[in-house]
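Residue numbers (UniProt numbering): 1 to 52.
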């Protein structure tokens, strides 16, 4: 659901390779750099640094 609302319906890709590259980059951002409400609005990196 998040993928659909965040970007899938907003872009036209010229090839499957282009789509795959974008999806990989988006997944990295989503899992590592995007603020996460379950972590109090912090990114995973910020959460780890706070715990240290």
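For each residue, glycine too, the CB sits at the ideal point set by N, CA and C.
- Secondary structure of residue 42 (DSSP, three-state): strand.
- Per DSSP, the continuous alpha helix (DSSP H) segment holding residue 18 begins and ends at 16-32.
- Residue 7 holds the alpha-carbon nearest to the alpha-carbon of residue 27 among 37, 42, 7 and 40.
- Between residue 35 and residue 43 the beta-carbon gap is near 6 angstroms, inside 8 angstroms, which marks them as a contact.
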